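Here the structure comes first, spelled out in structure tokens, and everything after it is commentary.
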Amino acid sequence: MKKSPANLPVHPKKKKLNLALQGGGAHGAFTWGVLDRLLDDERIDIEGIVGTSAGAVNATILAYGLAAGGRKKAKELLNRFWITNSKNSQCSPFQPTVFDKILGSKGSIEFSPYWQMFDILSRMFSPYQWNPNNKNLFKDMLEDLIDFSVLQKSREIRLFICATNVLTGRLKVFENREITPEMILASACLPYLYQAPEIDGQYYWDGGYMGNPPIFPVIYDTDCHDVLIVQINPINIPEVPRSTNEIFDRINTLSFNSSLMREMRAIYFVTSLIEKGELDESKYKHTFIHTIDAEEEMAKLTASSKMNLDMEFLKYLFDIGHAKAEEFLKNHYDKIGNQSSTDLVAKFF
Numbered sequence: 002m003k004k005s006p007a008n009l010p011v012h013p014k015k016k017k018l019n020l021a022l023q024g025g026g027a028h029g030a031f032t033w034g035v036l037d038r039l040l041d042d043e044r045i046d047i048e049g050i051v052g053t054s055a056g057a058v059n060a061t062i063l064a065y066g067l068a069a070g071g072r073k074k075a076k077e078l079l080n081r082f083w084i085t086n087s088k089n090s091q092c093s094p095f096q097p098t099v100f101d102k103i104l105g106s107k108g109s110i111e112f113s114p115y116w117q118m119f120d121i122l123s124r125m126f127s128p129y130q131w132n133p134n135n136k137n138l139f140k141d142m143l144e145d146l147i148d149f150s151v152l153q154k155s156r157e158i159r160l161f162i163c164a165t166n167v168l169t170g171r172l173k174v175f176e177n178r179e180i181t182p183e184m185i186l187a188s189a190c191l192p193y194l195y196q197a198p199e200i201d202g203q204y205y206w207d208g209g210y211m212g213n214p215p216i217f218p219v220i221y222d223t224d225c226h227d228v229l230i231v232q233i234n235p236i237n238i239p240e241v242p243r244s245t246n247e248i249f250d251r252i253n254t255l256s257f258n259s260s261l262m263r264e265m266r267a268i269y270f271v272t273s274l275i276e277k278g279e280l281d282e283s284k285y286k287h288t289f290i291h292t293i294d295a296e297e298e299m300a301k302l303t304a305s306s307k308m309n310l311d312m313e314f315l316k317y318l319f320d321i322g323h324a325k326a327e328e329f330l331k332n333h334y335d336k337i338g339n340q341s342s343t344d345l346v347a348k349f350f
């Protein structure tokens, strides 16, 4: 959707980067914009990708596109997914009303009578009651877009998809060689919307409950020292929530950020010991953390907007992501491979 910059070096020195992609429903279009810009920059080689929920979808499409046809193919598939998703949603009752556009925040559908009805009924009935046949059109969409056999055989990029085991409460990480559509559905399974997918006798919900996203897979299982976190859920908000919807929105963002916050503290602790010489760097990995987020813009969005697939809203998020990635590359590219561009204490402590 954006033209490739014409002023990039023809034969730049490449830098390796791992990506960690958060989930957040339609807000994943922000990540789409980030990835679109990163793919334009041939100075960057992506070594590993870890994703949860919408981040798992973006991660899988990105990894498959790169394996099947390189950067151009990856950009094309990401575009196709989000545009197709938006077109398919045109028949959905979850559409912004005139009142949403005038009185609501960007992308909100809270004035939609269908959203209000769903919000009430989803607290009274489970998907096992109102969708007993477990129909999910999203699986068909994934199978039309991705040849999973190519992804399973690919060794170019390490892909990690995360889900939460409902029965054990543990995080499950799926890798390239085993990735199937069911695992993507598991990673993105919000339990009030979908029945828990069964995989090898185990049942899974959205990975964001235990890791959104977890960072350890790309630390343990790749050689790259740099991790770029594309963060959708805001850590900080400008004022105390007062309405019921605002309170539930904040509970949602807190729960889906909590595991990441704890993991960042652990990474900071180990990194500090390495830098002080108290841990042997030949035995412990020195990890550099980078982040791309849009806290100010995302903090204004409601939980209902995560179900808004209207193209105007998705394009708004895409453009923000694209601009934030441009800003990151301009200000922090030189730090990749050398130091963290994110102050972990200031951001996560």
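Its first residue numbered 2, the sequence shown is counted upward by one per residue in this note's numbering. Glycine is no exception: its CB is placed at the ideal position from the N, C-alpha and C atoms. Only a predicted model underlies this, so the values are computations on that prediction, with no experimental measurement involved.
- Between I216 and S188, the gap from beta carbon to beta carbon reaches 8 Å or more.
- T303 sits buried, since 16 or more C-beta atoms from the chains shown fall within 10 Å of its C-beta.
- By the 16-neighbour rule on beta-carbons within 10 angstroms, V228 is buried.
- Taking 4 residues as the minimum length, the alpha helix (DSSP H) runs contained wholly in the stretch 216–294 are 217–221 and 245–276, in order along the chain.
- Taking all protein chains shown into account, I50 has 16 or more neighbouring C-beta atoms within 10 Å of its C-beta and is therefore buried.
- Three or more pairs of CB atoms, one per stretch, sit closer than 8 Å, so the stretch 281–298 contacts the stretch 335–348.
- When DSSP assignments are scanned along the stretch 153–212, the uninterrupted stretches of alpha helix (DSSP H) that are 4 or more residues long and fall wholly within it turn out to be 182–188.
- Rounded to the nearest angstrom, the gap between the Cα atoms of C190 and Y65 is 21 Å.
- Beta-bridge pairing by DSSP links N89 to no other residue.
- Taking a C-beta distance under 8 Å as the contact criterion, V151 and Y269 do not qualify as a contact pair.
- Here W116 is buried. Its C-beta has 16 or more other C-beta atoms within 10 Å.
- Look at A300 here: in three-state DSSP terms it is coil, with no helix or strand label.
- Between N234 and G25, the CB-CB gap stays under 8 Å.
- When DSSP reads this structure, N19 sits in a beta bridge with G49 and V228.
- Put simply, the backbone Cα of D224 is about 38 Å away from that of K301.
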